[in-house]
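Asks: Read in order, the letters of the sequence shown are residues -29 to -1, 1 to 716 in mature numbering (1 follows the signal peptide of the UniProt record, and there is no 0). Backbone N, C-alpha and C define an ideal beta-carbon position, used for all residues, glycine too. This is the structure I want to talk about, given as C-alpha cells.
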Amino acid sequence: MSPTHTVRFSAPRFTLLYLLLLGAFSASAQGTDGAEQEESIELESITVTGKRPSAWQSPSGVVATRSATATKTDTRLLHTPASVSVITQDQMRQMGAQNVAQALRYTPGTFSESRTSRRYDSIFLRGFGGFGGNANFVQYLDGQRLPAGQGYLKSAIDPYLLERIDVVRGANSVQYGQINPGGLVNQISKRAYFEPSREVAVEAGHDSNRFVGFDINQPLGQGESVALRLTGLHRYSESKTGLAAERYALAPSLTWRIGPQTELTAHAQWQHDPAGGDYNAVPAYGTLANNPAGNVPEHAFLGERSFERFKRDTALLGYRLSHTWNENISLQHNLLYAHGRSEFRNTSLMGHLGGSIWARTATASDEKMRGIHTDAQLRLRFHTGAVKHTLNIGADYQNNRAERLLGNLRGGAGVPPVDAANPQSSVILTPPWQSDGRMRQQQLGLYVQNQMEAGAWLAQLGVRHDRVHTRETVDQLLPVYRQQQHDRRDHKTTYQAALMYRADNGLSPYASYATSFEPVSTLNLYGDKKPFHATTAEQWEIGLKYQPEEFRALFGLSAFQLTRNHVLTKDTRTGAHPSAQIQTGQVRVRGMELEARAEWNERWSTIAALTWLKPEVTRSNIKEELGSRPVGLPATMASLWLQYALLNERLKLSAGIRHVSASYADVANTVKTPAATLVDLGARYDLGHLSQMLQGATASLDIHNAADKIHYGGCFARGTTGSARTTQCFPSSRRSIVFGLNYHW
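So, in C-alpha cells, the structure goes:
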C-alpha cells in the first residue's frame, strides 16, 4: 500500500510564489521588462491534503506516473525519453504473481518464462538473454546490482517483499555501468513510511501451494520522525513432477527523519530457500516429436529425487541517506551489502543412446558470494538563461567476491542412463570436487547526467567512465592439480543523449542514443590465453508517449535498433583449436514495442503490450549462424489484461491473454519451439460489505494457464544444427488455482 503524504499550501504565500516564479520565467524566456501594478488581495488560508506520487512508491491501480530507474532522478514517465514500464503492487496482486518472472508476463519487450521454475528469474530483454552462460537474470534491487556466484548462485527476490518493479529497456550503462544491452529490471523493495498499515495474507491451492505473509508498518511517537516496517513470508509449492519449492523471508526497515532536510532509511533482508523446485529439461524426442520406442510420460522426472537438491541462503543489508540543503542542492548515498551461499545437485540429460534411453550427467556445486555496492549522487538544479538544468554527478563502487567448488560425472556406473518412456529410480554417485574457483570483481564508475528543459523541449546528456577489474583463480583438483589464473581489466566510456518535445496535448515524441558494455565471463582457454574484452552495444530509439488528462493512463510506442559487438564466435583461422573463440561476432535486434496502461473509469482498467522483434546474427564465423535468430528468442509477443469492477466495486474480475510466438532451439534455426497462447483469470471480493467485522478483508482467486495447455517455454539443441534427438525443452507451468485471503487494517 502506498503511503499518504500531507502537502500543505498557504494560499497567500502560494499565490505570491506562483506569481513571482511566473514573472521571473517570463522575463527570462521572453526578455520582457517592466512590472504591472497589482492590487493587494488577501485570501483565506487553506490546507490541501493528498497523495504525492513518488518514484519509489507504488501508486494505487496499474498506472504509475513517475520513476527514477532510467535517470536516477524522480522524473515523470511522460518526460522520460526512454522505454520504461512499471509493474505496480496492485498489478502483482491482480495477477497473483508468485515470483518476479510471473509479474513480468504482461510487459513489452520482455520474455520472462523461457524456464518457468521459481528458482531463478531469467529473462530476455529486447532480444538479449538465453540459456546456460548466456542467461540474463533479474539482478537489481533499489537501483543497485546484486552480487552473484560463479554458477548457480543467483538472487531471486520474492515479490511480496517488493513495492514495485521498474523495467528499463535498452542500453543504459551511463547510469549503471556494466549491464546487459537489453536493459534492466529494477526491483524496488518495501520501505518504512509514516502511515500505520498492517496486513496478513494466506493462500492455498493446486500443487500443495501454500503461502502466509505479513506486512506491518508503524510510525513511532507523535511526530513523523521514525517509522518501522517488518515484512515476512513462508511460501511452499510442488511442481507437477513432485519436487518441492520452499522459501522463508524476513525484511525489516527503518526510516528516520533526522531533521527537516535529512532522512535515513535502513533496510535488511534475509531469505532462506531450502528447496528450489524442478529446473530440469525433457527431450524433444518423445515430447515435441514422436518417439516410436516410447514417448515421455506427462509429469515425468528424468533426474534422481534422492540426488536432486538446491538450497540457497541470502542476506542483504543497506541504507539510503539523503540530505537536501535547499531546493537546488541535494546529496544521496546508497549502500548495499549482500552475502549468500548455495548447494546445487542436479542430474541432466547428456545424449541419446537409442530407443528411449538417454545418458545423463551429474553436477555438484557449492558456492559462496559476498559483495558491496555503494553509490553517491550530488544533484544540482540551476538555470542558464531560459534553460533549466538538473545535473546529477555520481560515483559508484562495487566489490564482489565469489567461491565455487564444482564436480561432474558423465555417464558410466556413477550416473546410470534413464529410460525416458519409463523412468525408474537409481543411485547417483556424488561427483568428487574437480575444481575450486575464486573470483573477485571491482568496478569504479564516475558519471554525469544533465537533464535540460527549455519550454516544451527536454534534452538529456550523459557520460560515464568505468574501470572493471576481474581476477579469477581456478585450482584444478582432478585428475592432477593445476592452477590457472586469469586477470581482466576493462576500461569503458559510455554515452547517452536524448531529445524530447512535450506538447500541450499530452503527446511527447522523443529520440535517443545510448551505449553500454558488459564484461565477458568466458575464459579464453583454447585461444591465445589473453582475456576477452567486454562486449559493447549501441542503441538508436525513437518513441512517442501520451498521457491524457481525462483519465489515468499512459501509452507508449517505440522503435529501436540495438547492436551488440565483440560477441564470441568460432575461431576459424588456420591452426586454431577446434574450441577456440574470437570476438568478431555481432548481433543486431530491430524492433517495435507498444504499451497501453489505462484506468478508463472506476470500473475498467487495462494493460496491453505488443512486441515485434527482428533479431539477427549479423557477424559470425559459423556459416549456419549467420543471418539466423538467436536461440530461444520469440520474435512476437502480445498480451492483454483486463479488470472490471462491479457490485459497487465489491467484486473485481480479471482476465488476461498472452501470446508468445515460436522460437528456435538451434543455431541454424532448423528446430522450433512451438508458439503458445495462454489465458489467466482472477477475482477479488471485498468481504467488508458482508459484515462490519470483515472490514479490510479481501478474498481472492487466481487461475494461471486456465485452459491447462501443455507448452514449452524454450528449447535448446546441442551442436550447430539440431534435431529432435539432440534437443531438450523446458516444460512450462500447467494450470494453477490458488485461493487467498487478505486482511488489512
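#1: Let me check understanding here. Comparing Cα to Cα, which of G326, L132 and K339 lies closest to D113?
#2: For H462, is the classification buried or exposed, using 16 other Cβ atoms within 10 angstroms of its Cβ as the cut-off for buried?
#3: Measure the C-alpha to C-alpha separation of S704 and T641 and round it to an integer number of angstroms.
#4: When you compare only the Cα positions, how much space is there between E166 and L221?
#5: Run through the DSSP bridge pairs and tell me what P490 is partnered with.
#6: Compute the Euclidean distance between the alpha carbons of F(-5) and S29, then round it to the nearest angstrom.
#7: Taking Cβ positions, are T36 and P24 nearer each other than 8 Å?
#8: Taking Y615 as part of the beta strand (DSSP E), name the residues at either end of that continuous run.
#9: With C-beta atoms as the reference, is Q146 less than 8 Å away from Y111?
#10: Using beta-carbon positions only, say whether A469 and P402 come within less than 8 Å of one another.
#11: Relative to the alpha-carbon of Y207, which residue among V588, L351, E174 and G192 has its alpha-carbon at the smallest distance?
#12: What runs of the beta strand (DSSP E), each 3 residues or longer, lie entirely inside the segment 92 to 134?
#13: How about N70 and R86: are their beta carbons less than 8 Å apart?
#14: Taking the alpha-carbon positions, what's the E170 to G32 distance?
#15: Might you give, ordered along the chain, the residues of its own chain that have their beta carbon closer than 7 Å to the beta carbon of E9, omitting 5 neighbours on each side?
#16: Excluding the five sequence neighbours on either side, which residues of its own chain have a C-beta within less than 6 Å of the C-beta of L225, listed in chain order?
#17: Could you give the uninterrupted runs of the beta strand (DSSP E) lying entirely in the segment 429 to 488, keeping only those of 3 residues or more?
#18: How about K680 and A647: do their beta carbons lie closer than 8 Å?
#19: Flag this pair as yes or no: are the beta carbons of G416 and R435 separated by less than 8 Å?
#20: Based on DSSP bridge pairs, tell me the residues matched to E424.
#21: Sort out for me which residues DSSP pairs N370 with in a bridge.
#22: Please name the residue, chosen from H243, P79 and G274, that lies closest to L400 on a Cα-to-Cα basis.
#23: Within the 8 Å Cβ cut-off, does P30 reach chain D?
#24: Going by DSSP, what residues sit across from S168 in a beta bridge?
#25: In three-state terms, what does DSSP make of D61?
#26: Is the beta carbon of K623 closer than 8 Å to that of A580?
#27: In or out: L661 buried (at least 16 other Cβ within 10 Å) or exposed?
#28: In three-state DSSP terms, what is T697?
#29: Decide if Y615 is buried, meaning its Cβ has at least 16 other Cβ atoms within 10 Å, or exposed.
#30: Using the DSSP secondary-structure output, state which residues sit across from Y418 in a beta bridge.
#31: With burial defined as no fewer than 16 other Cβ atoms inside 10 Å of the residue's Cβ, what is the status of K125: buried or exposed?
#32: What is the rounded straight-line gap between the Cα of Y714 and the Cα of A172?
#33: Quick one: using the 10 Å Cβ neighbour count with 16 as the cut-off for buried, is K43 buried or exposed?
#34: With DSSP as the reference, label H310 as helix, strand or coil.
#35: Where do the N-terminal and C-terminal ends of the beta strand (DSSP E) with Y256 fall, by residue?
#36: Could you work out which residue in G408, Q395 and T202 is closest to R375 when comparing CA atoms only?
Replies: Taking the geometry as given:
#1: L132
#2: exposed
#3: 25 Å
#4: 21 Å
#5: Per DSSP, none; premise fails for P490.
#6: Legend: pLDDT at F(-5) = 33, less than 50; position of this residue unreliable, no value from coordinates given.
#7: yes
#8: T607 to L617
#9: no
#10: no
#11: E174
#12: 93 to 96
#13: no
#14: 18 Å
#15: With a pLDDT of 38 at E9, under the threshold of 50, the modelled position of that residue is not reliable, and the figure given next carries that caveat. No residues qualify anywhere along the chain.
#16: A163, L199 and A237
#17: 453 to 472
#18: yes
#19: yes
#20: K359 and L429
#21: I343 and Q413
#22: G274
#23: The question asks about chain D, but that chain is absent: this structure has only one protein chain.
#24: N188
#25: helix
#26: no
#27: exposed
#28: helix
#29: exposed
#30: G365 and R435
#31: buried
#32: 6 Å
#33: buried
#34: strand
#35: Element bounds for Y256: n/a, residue is neither H nor E.
#36: G408
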